[in-house]
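Count along the sequence shown from 1, add 156, and you get the number used in our numbering. Data first, discussion second: the structure below is written as structure tokens.
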Amino acid sequence: MRRLAALCFLFLSLATMVRAQNADDAGDLLRRFDALPEATRLALVADIEVRLSQLADDGLQRIAAAATTATSPRPLRARTFHDPKVFAPVAPARTWIRESDVRHHSVKSDFPPVRVLRDLRPTVVYDWLAGEAALAPEAPTARERFANLCAGYPPLADAAIAAVLAQLDRDGDQRLIAQWCEQLYADRDGRVFEGITLYAAWYSGRVVEVPDVDAIAFARAIVRTDAYQSPIPEGRRRDRLYSQIRAAIKKHREYRTLCETAAAAFVTASPELDPTYQPLVDRMHFLWGECGQDVARFASKLTESDRSELLTELDARITKSPEAYSLAIESKNERKALAQLVRQACREALLTAESK
157 MRRLAALCFL
167 FLSLATMVRA
177 QNADDAGDLL
187 RRFDALPEAT
197 RLALVADIEV
207 RLSQLADDGL
217 QRIAAAATTA
227 TSPRPLRART
237 FHDPKVFAPV
247 APARTWIRES
257 DVRHHSVKSD
267 FPPVRVLRDL
277 RPTVVYDWLA
287 GEAALAPEAP
297 TARERFANLC
307 AGYPPLADAA
317 IAAVLAQLDR
327 DGDQRLIAQW
337 CEQLYADRDG
347 RVFEGITLYA
357 AWYSGRVVEV
367 PDVDAIAFAR
377 AIVRTDAYQS
387 PIPEGRRRDR
397 LYSQIRAAIK
407 KHREYRTLCE
417 TAAAAFVTAS
427 PELDPTYQPL
437 VDRMHFLWGE
447 CGQDVARFAS
457 KLTESDRSEL
467 LTELDARITK
477 SPEAYSLAIE
487 SKNERKALAQ
497 LVRQACREAL
507 LTAESK
């Protein structure tokens, strides 16, 4: 056991060192990319993506195959807000606070966007509101696409993540909560903040105001009761409803983060996630290895039993079985080799462009 723990610590240390080296390498590649003429930069990114699509590499083909169901995504569904006219007619009318408004800036700093991977700028995302792949609100620039490649993400990695999430997001109760969470955040004065969802607000860990409009919408959609009317008086009934909201969002955050970590581990060895959930990565690599990198098998395994029991089982097997730990490392090493292949394609294409 001690030997296995020592190996785990060594692996984590080496992973940190490798990530730092890769960041330095990516920075150098980006500086060289920026020195090229704009037209050359656009052609260079397209050239790298074509080169990689033509390679007979198992990892590239695995990701491309998974992405096929997400290569024609719809636009991301517009985020709206719970309407006082529907849920609480006596509440103040809601007013928009646009992203350009100075009042928006401080709220956004408190409730920043939640991203699956912090170092990937996607073209395709998973829309938790609609339960399907969707176009990102803004398409990445040529430089951002090149930065994705420098970080080791192959073309279609974002679409593969979205496609995997579409298979993992199977819990009907969580779909309902996702639809509530994907409404826009509003404060008690009825100010709605453009682009800031209830999920981002609650994910932040800060104190979140709960206007009657949102609380009653939750009661009707999730608790399935019409017993609450605005204004909701202080007391045990309101406290109980607020407690139900907190518990439901905590469960949803754990569910969503598990799905997102699993999808991230499908395309990369060491995804840059919220540090709180970093320990999930090795468990997901082990499960991907045990499922033979098959998305359908993985999704079935992840949803066939209680998720907390599954994670406990995976923990026990990784820490007690060298074979299980080796399977997780094998899965990670396959992603590392894929990332190196992508970076090498960037280096070769850059050399060709610079020599012209």
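The beta-carbon is built from N, C-alpha and C at its ideal position, and this holds for glycine as well. Because the structure is a prediction, the values reported are computed rather than measured.
Per-residue burial, residue i [other beta carbons within 10 Å of its own, 16 or more giving buried]
i    : result
N489 : exposed
K241 : exposed
W284 : buried
W598 : Given that the chain is displayed from residue 157 to residue 512, the structure contains no residue 598 and the question cannot be resolved.
E416 : buried
V363 : exposed
H261 : exposed
V498 : buried
K476 : exposed
Residue from the options whose Cα sits closest to the Cα of residue i
i    : options                   : result
I388 : P311, T508, D283 and A244 : A244
S487 : S426, P435 and E465       : S426
E288 : A334, D257 and A303       : A334
T424 : D438, R412, T432 and Y411 : D438
D430 : P269, A295 and E390       : P269
R235 : Y355, R392 and G215       : Y355
S360 : S456, R402, P193 and I317 : R402
L507 : R380, R188 and A316       : R188
R453 : A222, S209, E338 and A212 : A222
L332 : A303, A286 and R250       : A286
Y411 : W252, T459 and L186       : T459
Q385 : R396, R392, A373 and D395 : A373
T432 : Q449, G183 and L414       : L414
E300 : D181, A195 and L186       : L186
D184 : D395, D213 and F302       : F302
Whether residue i touches residue j by CB criterion (9 Å)
i    : j    : result
W444 : A418 : yes
P231 : L291 : yes
F237 : V366 : no
A307 : A495 : yes
R254 : E350 : yes
Neighbourhood of residue i by C-beta, 7 Å cutoff - its chain only, sequence neighbours within 5 removed
i    : result
I204 : L305, A501, C502 and A505
A298 : R197, L198 and V201
L483 : F442, G445 and E446
K512 : none
I352 : V263, K264, F267, L340 and Y341
Neighbourhood of residue i by C-beta distance below 8 Å, restricted to the same chain and skipping five residues each side
i    : result
F167 : Confidence at F167 is low in this model, with a pLDDT of 43, below 50, so its placement is unreliable and no value can be given for it.
E428 : L273, R274 and D275
T251 : G346, R347 and V348
D213 : L494 and L497
Sequence-distant residues of its chain with Cβ nearer than 6 Å to residue i (five each side left out)
i    : result
F422 : V320
T225 : A319
R207 : A501
V280 : A226, P229, A289, D314, A315 and A318
The ligand ZN heavy atom lying under 8 Å from the CB of residue i
i    : result
E446 : Judged by which ligands are present, the structure shown has none, so any question about the ligand ZN falls away.
(message) So within the segment 346-430, which uninterrupted beta strand (DSSP E) runs reach at least 3 residues, ignoring any that extend past its ends?
(response) Listed in chain order, the complete beta strand (DSSP E) runs (minimum 3 residues) inside the segment 346-430 are 347-353.
(message) Quick check on the DSSP output: what are the complete alpha helix (DSSP H) runs of length 4 or more inside the segment 247-282, in order along the chain?
(response) Runs of the alpha helix (DSSP H) lying entirely within the segment 247-282 and spanning at least 4 residues, in chain order: 258-266.
(request) Please list the segments of the alpha helix (DSSP H) lying wholly inside the segment 444-490, counting only runs of 4 or more residues, in order along the chain. (result) The qualifying runs are 451-459 and 463-476.
(request) Output the residue ranges of the beta strand (DSSP E) runs that lie fully inside the segment 186-211 and measure 3 residues or longer, sorted by chain position. (result) The segment 186-211 contains no whole beta strand (DSSP E) run of 3 or more residues.
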